[in-house]
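J.: I have a structure here, written as structure tokens, and I will follow up with some questions on it.
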Amino acid sequence: TDGTESPILAEDGGDGHDKPRLRYGELVILGYNGYLPQGDRGRRRSKFVLHKRTEASGVKRSKHYIVQSPQTSKAILDANQHSISYTLSRNQAVIVEYKEDAETDMFQVGRSSESPIDFVVMDTLPGDKKDAKVMQSTISRFACRILVNRCEPAKARIFAAGFDSSRNIFLGTKHDLEKLIDAINAGRPQCPVGLNTLVIPRKVNIGDQVNQPYVYLNCGHVQGHHDWGQDENTGARRCPMCLELGPVVTLCMGLEPAFYVDVGAPTYAFNPCGHMATEKTVKYWANVEIPHGTNGFQAVCPFCATPLDGATGYIKLIFQDNLD
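What the sequence shown shows, in the UniProt record's numbering, is residues 1 to 324, in sequence order.
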């Protein structure tokens with residue numbers, strides 16, 4: 001979908017009802033003088049009007065419980081059940097189930113063009129930088145949800161994160177991901193060329209670091225920085241392990257837990273940026289097409305918004321340590 005179909009955006013009340021719908025209010029995006037540069041279309045526009053829905057669409061908290069594997073729990077697998085999963089540790093999570101609320105209307109805002117999002121919002125560029133390219137989006141795909149009381153319209157609440165197409169929200173903790181990094185580094189992965197210990201950073205370091213791991217994007221072997229096998233014309237490097245020639249990029253952990261679809265070891269990386277994540281996470285995002293330009297779509301790394309390259313958009317990492 002390109003975000004053009006939405007049953008709640010008609011401002012003239014011409015939806016077959018004799019009585020005009022109650023107008024809750026408006027959401028106006030800063031930086032636009034009444035319209036988007038490409039024109040307002042459907043769910044993508046500079047101003048959104050919140051009307052009272054024909055039928056209540058809100059949800060309210062029902063019950064919660066602790067599970068060991070949230071991905072296989074009944075609430076997560078049920079596409080008709082709204083639920084939020086809070087990760088406590090690698091083997092424990094709290095699931096909060098929600099039920100229909102006849103007293104509220106729910107509206108969702110985000111960058112995704114999937115059907116649960118009522119208002120599609122993209123990054124705003126300053127007037128003097130309209131031709132610049134957004135390298136890293138500041139808006140989540142499912143950014144937030146707004147609940148408005150149908151009987152008391154002045155009462156509106158906004159909550160972080162929105163429900164996806166499966167009516168789920170996954171909220172992890174950055175602390176858990178940092179512990180995964182510590183576990184990998186505790187295995188003391190080595191560079192097979194320099195024989196030095198590699199350390200996966202939590203953030204990309206500026207300049208060449210002796211312990212910084214690099215990955216060969218054509219084969220997945222992880223090594224340290226060295227000048228062996230570099231092609232003078234293309235800058236590509238030949239992997240000392242398998243002699244595959246191709247680009248090399250630094251490795252860095254993807255730390256935003258909201259982008260993960262499961263809990264596991266980060267044994268894959270996005271191509272070409274090198275952000276590490278779990279197998280299910282990279283495969284999920286490699287198949288999600290994000291709006292690009294006025295009428296194009298492309299898969300991007302969720303951690304840096306870099307367009308994905310290669311046949312798959314990701315690579316399996318091969319460490320020279322106990323992860324093999």
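No residue lacks a Cβ here, since even glycine has one placed at the ideal position from N, Cα and C.
Determine whether the beta carbon atoms of Ala236 and Gly224 lie at a separation below 9 Å.
T.: The count along the sequence shown starts at 1 and reaches residue 236 at position 236. The count along the sequence shown starts at 1 and reaches residue 224 at position 224. Not in contact: Ala236 and Gly224 (Cβ atoms no closer than 9 Å).
J.: When the Cα of Tyr268 is compared with those of Phe142, Tyr260, Lys74 and Leu317, which residue comes out closest?
T.: Looking up residue 268 in the sequence shown gives position 268. Minimum Cα distance to Tyr268 is reached at Leu317.
J.: Going by the beta-carbon positions, is the gap between Thr281 and Asp262 smaller than 9 Å?
T.: The residue labelled residue 281 in the question sits at position 281 within the sequence shown. The residue labelled residue 262 in the question sits at position 262 within the sequence shown. It is a contact, given that the beta carbons lie within the stated cut-off.
J.: How would you call Pro189, buried or exposed, if buried means at least 16 neighbouring beta carbons within 10 angstroms?
T.: Translated into the one-based positions of the sequence shown, residue 189 becomes position 189. Pro189 is buried by the Cβ-count criterion.
J.: Going by beta carbon distance, what residues of the same chain come within less than 6 Å of His292, once the five residues before and after it are set aside?
T.: Counting from one through the sequence shown, the residue named residue 292 turns up at place 292. The residues are Gln298.
J.: With distances taken Cα to Cα, identify the nearest neighbour of Pro201 among Val248, Val148, Leu255 and Phe163.
T.: On the sequence shown, position 201 is the one that residue 201 refers to. Closest option to Pro201, Cα to Cα, is Leu255.
J.: List the endpoints of the continuous alpha helix (DSSP H) containing Ala160.
T.: Stepping through the sequence shown from its first residue, residue 160 is reached at position 160. Note, Ala160: premise wrong, no alpha helix (DSSP H); beta strand (DSSP E) at Ala156 to Ala160.
J.: Does DSSP classify Arg21 as helix, strand or coil?
T.: Mapped onto the sequence shown, residue 21 falls at position 21. In the structure shown, Arg21 sits in coil (DSSP, three-state: anything other than H, G, I, E or B).
J.: To the nearest angstrom, how far is the alpha carbon of Pro240 from that of Pro302?
T.: Reading the sequence shown from its first residue, position 240 is the one you call residue 240. Reading the sequence shown from its first residue, position 302 is the one you call residue 302. The straight-line gap from Cα to Cα measures roughly 31 Å.
J.: Classify Phe142 as helix, strand or coil using the three-state DSSP reduction.
T.: Within the sequence shown, numbered from 1, the residue matching residue 142 stands at position 142. Here Phe142 sits in coil by DSSP.
J.: Taking the C-alpha atoms as reference points, what is the distance between Asp164 and Asp182?
T.: If you number the sequence shown from 1, residue 164 lands on position 164. If you number the sequence shown from 1, residue 182 lands on position 182. Spanning the two alpha carbons is a distance of roughly 31 Å.
J.: If I measure Cβ to Cβ from Arg145 and keep anything under 8 Å in the same chain, skipping five residues before and after, which residues do I get?
T.: Translated into the one-based positions of the sequence shown, residue 145 becomes position 145. Correct list, in chain order: Met106, Phe107, Gln108, Val109, Ile158, Phe159, Ala161, Gly162 and Phe163.
J.: Can you tell me whether Leu30 is buried or exposed, with buried defined as 16 or more other CB within 10 angstroms of its CB?
T.: Position 30 of the sequence shown, counting from 1, holds the residue named residue 30. Classification of Leu30: exposed, given that the 10 Å Cβ count is below 16.
J.: Quick check: what's the CA-CA separation for Cys273 versus Val249?
T.: The residue you call residue 273 lines up with position 273 of the sequence shown. The residue you call residue 249 lines up with position 249 of the sequence shown. So the two alpha carbons sit approximately 7 Å from each other.
J.: Quick one: grab the DSSP three-state call for Asp101.
T.: Start at 1 with the first residue of the sequence shown, and residue 101 comes out as number 101. Correct three-state label for Asp101: strand.
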